[in-house]
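A short worksheet on the structure shown next.
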Amino acid sequence: MKLTGAELRTIRMPLVSPFETSFGVEEDRVAVLVRVIGTVGGDRRPTEVQGWGECVAMEMPLYSSEYADAAAAMLRKFLIPRLLTASRSGTDVTAETVDTLLEPFIGHRMAKAALEMAVLDAQLRGTGQSLAAYLGATRDSVPSGVSVGIQPSIATLLDVVGDYLAEGYVRIKLKIKPGWDIAPVEAVRERFGELIPLQVDANAAYTLADARVLRRLDAFDLLLIEQPLPEDDLRQHAELAKLVRTPICLDESIVSPRAAADAIALRSCSVINIKAGRVGGYLAAVKIHDLCRANGIPVWCGGMVETGLGRAANAALAALPGFTLPGDVSASDRFYERDITEPFVMEDGRITVPTGPGLGVTPIQGVLDSYTVSTEGIQA
Ligand code: SMG
Ligand code: MG
């Protein structure tokens, strides 16, 4: 593909309710979107294509070191110009080469992933293939789990969980933090029984010294404990895994296929949450999927409160055969009253994987504009 231009857009979307985790409360989703414009078909029969990418970095660097404005700066200053320059000098820019072209720039995987996603979407719209088919999906819908934020009280939590179960969500994930862990899990088990698939996510809020508290979670037959300890602590996660019976799942720590290989080799976890944005893109996500599958490590697809664009791509990824646990791929209305694309709806506890070319969804211009904070064009 020949890349001719790109557009960066920052949006701010109000959430239907505040989303509280161990690191803070979100009331809006601020997201950076990338649109790339290019041509396929060579110089003789050029056809214009465009593609969309969504950056998962949040407004503040609380989940990870990346944040929206920094990702936008990275894209504006280094990443997009690099691809435009390469394209101008005759390099065929494809999703498969983005990673190598951007490799000189250290880190900023969420920013890189957004750009790779946009290129991939454009390229697939050019060939007419769906992202799901391209990634190797084997299912046309995926089971839908929901991530439940920390609530003001146990009574509220039980109402919220009850509502999600009534809607049909097939797996509940409770956000936990020190002081909000044993009691909410116990209450949910007591009210909804032993059979509902239940797991918890600490977003790195504990230390190894909390092993005794975390061990008490063993009594509740959880599917897993997600990211109990800090991002860069694979060794201590391996220690913790020996002290608790509940499977340890890593999220923040898995920043690349290499980190996944290390975590598996060190026995830091027995389950992995794959988020394409966190690992540098959907191609790296598939590599981690393949690695985990070869090592008998179950994976599931994480969520970053995505708009319909990222949600479409996550549904496609979650349809790969190694995704054997329900992911955080929920309906659009879990977070948004009005999504920027056609909304994703849940039916019988499942989300349908888009089948159209590329992401299979496109922003609705008026809705997108209503959430837009800033837009800028970037030329080579
Ligand atoms: O998109 O359903 C979603 C959010 C799922 O809990 C979720 N994501 O650590 O897994 C995680 C968090 C990261 C974002 S919290 C604002
Ligand atoms: Mg998590």
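Okay, so the sequence shown: first residue is 0 according to numbering that gives the first Met the number 0, each after it adds one.
We put the beta carbon where it would ideally sit given N, CA and C, even for glycine.
Nearest to Y62 by CA position, among T354, A314, I253, is which residue?
Taking the sequence shown and counting its residues from 1, the one referred to as residue 62 is at position 63. Taking only the C-alpha atoms, the option nearest Y62 is I253.
For a test of your reading of the model: does the CB of Q198 fall under 7 Å from any non-hydrogen atom of ligand 2? Yes or no.
Counting from 1 along the sequence shown, the entry for residue 198 is found at position 199. No.
Alpha carbon to alpha carbon, how far is G359 from G365? Give it in angstroms, no decimals.
Taking the first residue of the sequence shown as 1, we reach residue 365 at position 366. Taking the first residue of the sequence shown as 1, we reach residue 359 at position 360. Roughly 19 Å separates the two Cα atoms.
Within the present structure, is the beta-carbon of F18 separated from the nearest heavy atom of ligand 1 by less than 7 Å?
Along the sequence shown, one-based indexing puts residue 18 at 19. Correct: F18 has its Cβ closer than 7 Å to ligand 1.
For R34, which of I181, P246, E115, D327 has the nearest alpha-carbon?
Here residue 34 refers to the residue found at position 35 when the sequence shown is read from its first residue. It is E115.
Considering only the alpha carbon of each residue, which of A314, T3, P13, V92 lies closest to V372?
By one-based count along the sequence shown, residue 372 stands at place 373. The shortest Cα separation from V372 among A314, T3, P13, V92 belongs to P13.
Minimum C-alpha distance to F104 - residue among A94, L78, V118, Q128
Along the sequence shown, one-based indexing puts residue 104 at 105. The shortest Cα separation from F104 among A94, L78, V118, Q128 belongs to L78.
Any non-hydrogen atom of ligand 1 within 7 Å of V159 CB:
In the sequence shown, residue 159 corresponds to position 160, counting from 1. Not under cutoff, so the answer is no.
Pick out the complete beta strand (DSSP E) segments inside the stretch 123–205, 3 residues or longer, and give them in chain order.
140–142, 144–147, 170–174, 197–200
What residue ranges within the stretch 203–252 form continuous beta strand (DSSP E) runs of no fewer than 3 residues, ordered along the chain?
247–249
Which residue from A112, G125, G50, L157 puts its Cα closest to that of G40?
Here residue 40 refers to the residue found at position 41 of the sequence shown. Checked all of A112, G125, G50, L157; the closest Cα to G40 is G125.
Are the CB atoms of V160 and P382 within a distance shorter than 8 Å?
The structure shown does not extend to residue 382, since the chain spans only 0 to 379, so no value can be given for it.
What ranges does the alpha helix (DSSP H) occupy inside the stretch 18–95, keeping only unbroken runs of at least 4 residues that lie completely in it?
67–73, 79–87
Distance check for A218 and E65, CA to CA, integer angstroms please.
Residue mapping note: residue 65 aligns to position 66 of the sequence shown, counting from 1. Residue mapping note: residue 218 aligns to position 219 of the sequence shown, counting from 1. Each residue's alpha carbon lies about 36 Å from the other.
For a test of your reading of the model: does the CB of S329 fall under 7 Å from any non-hydrogen atom of ligand 1? Yes or no.
Taking the sequence shown and counting its residues from 1, one reaches residue 329 at position 330. Yes, the Cβ of S329 comes within 7 Å of a heavy atom of ligand 1.
Would you check whether ligand 2 has a heavy atom nearer than 7 Å to the C-beta of D232?
Residue mapping note: residue 232 aligns to position 233 of the sequence shown, counting from 1. Result no, Cβ not under 7 Å from ligand 2.
Segments assigned alpha helix (DSSP H), at least 4 residues, entirely inside the stretch 304–341:
307–317
Go ahead and pull the three-state DSSP assignment for V352.
Numbered from 1 along the sequence shown, position 353 holds the residue referred to as residue 352. Coil at V352, not helix or strand.
Rounded separation between N202 and D232 - CA only:
Sequence index remark: in the sequence shown, residue 202 carries index 203 (1-based). Sequence index remark: in the sequence shown, residue 232 carries index 233 (1-based). Between N202 and D232, the C-alpha separation is close to 13 Å.
So what does DSSP say about V270, is it helix, strand or coil?
Position 271 of the sequence shown, counted from the start, is the residue given in the question as residue 270. Of the three classes helix, strand and coil, the one that applies to V270 here is strand, per DSSP.
Do L228 and T245 count as a contact pair if the criterion is CB distance below 8 Å?
What you label residue 245 is simply residue 246 of the sequence shown in a count that begins at 1. What you label residue 228 is simply residue 229 of the sequence shown in a count that begins at 1. No, the Cβ-Cβ distance between T245 and L228 is not below 8 Å.
Considering only the alpha carbon of each residue, which of K76, T361, P356, I363 lies closest to Q128?
What you label residue 128 is simply residue 129 of the sequence shown in a count that begins at 1. Ranking K76, T361, P356, I363 by Cα distance to Q128 puts P356 first.
Nearest candidate by alpha-carbon position, reference L156, set G167, L173, V141:
Residue mapping note: residue 156 aligns to position 157 of the sequence shown, counting from 1. Answer by Cα proximity: L173.
Count the CB pairs spanning the stretch 289–302 and the stretch 317–329 that are closer than 8 Å, and state whether there are at least three.
yes
Just to confirm the assignment, what range does the beta strand (DSSP E) spanning G376 have?
As a first step, residue 376 is located in the sequence shown; it is residue number 377 there, counting from the start. Here the beta strand (DSSP E) through G376 covers 371–377.
Taking Cβ to Cβ, would you say A112 is nearer than 8 Å to A318?
Within the sequence shown, the letter at position 113 stands for residue 112. Within the sequence shown, the letter at position 319 stands for residue 318. No.
Less than 8 Å between the beta carbons of V243 and A210, yes or no?
If you number the sequence shown from 1, residue 243 lands on position 244. If you number the sequence shown from 1, residue 210 lands on position 211. Yes; because the gap between Cβ atoms is below 8 Å, this pair is in contact.
Confirm, please, whether the CB-CB distance from A283 to L316 is below 8 Å.
Stepping through the sequence shown from its first residue, residue 316 is reached at position 317. Stepping through the sequence shown from its first residue, residue 283 is reached at position 284. No, the pair does not count as a contact, with Cβ atoms beyond the cut-off.
With burial defined as no fewer than 16 other Cβ atoms inside 10 Å of the residue's Cβ, what is the status of A110: buried or exposed?
What you label residue 110 is simply residue 111 of the sequence shown in a count that begins at 1. It is buried - the Cβ of A110 has at least 16 other Cβ atoms within 10 Å.
Note the first and the last residue of the continuous beta strand (DSSP E) segment covering V298.
As a position in the sequence shown, residue 298 is number 299, starting the count at 1. Unbroken beta strand (DSSP E) run through V298: 298–300.
Let me confirm a value: V344 is counted as buried when at least 16 other C-beta atoms fall within 10 Å, else exposed. Which label applies?
Position 345 of the sequence shown holds residue 344. Result: exposed.
Please go through the same chain and pick out, in chain order, the residues whose beta-carbon is closer than 6 Å to the beta-carbon of P17, but skip the five residues on each side of it.
Here residue 17 refers to the residue found at position 18 when the sequence shown is read from its first residue. These residues qualify, in order along the chain: V24, E26.
Among E19, E6, T99, which residue has its Cα nearest to the Cα of V147?
As a working note, residue 147 is residue 148 in the sequence shown. The shortest C-alpha separation from V147 is found at E19.
Between the C-alpha atoms of E381 and G89, what's the straight-line distance to the nearest angstrom?
Shown here, the chain extends from 0 to 379; a query on residue 381 therefore has no answer.
Would you verify that the beta carbon of V212 is, or is not, closer than 8 Å to some beta carbon of chain B?
Included in the structure is just one protein chain, with no chain B present.
For I10, which three-state DSSP category applies?
For the purposes of this step, residue 10 is taken as residue 11 along the sequence shown, with counting starting at 1. In the structure shown, I10 sits in a strand (DSSP, three-state: E or B).
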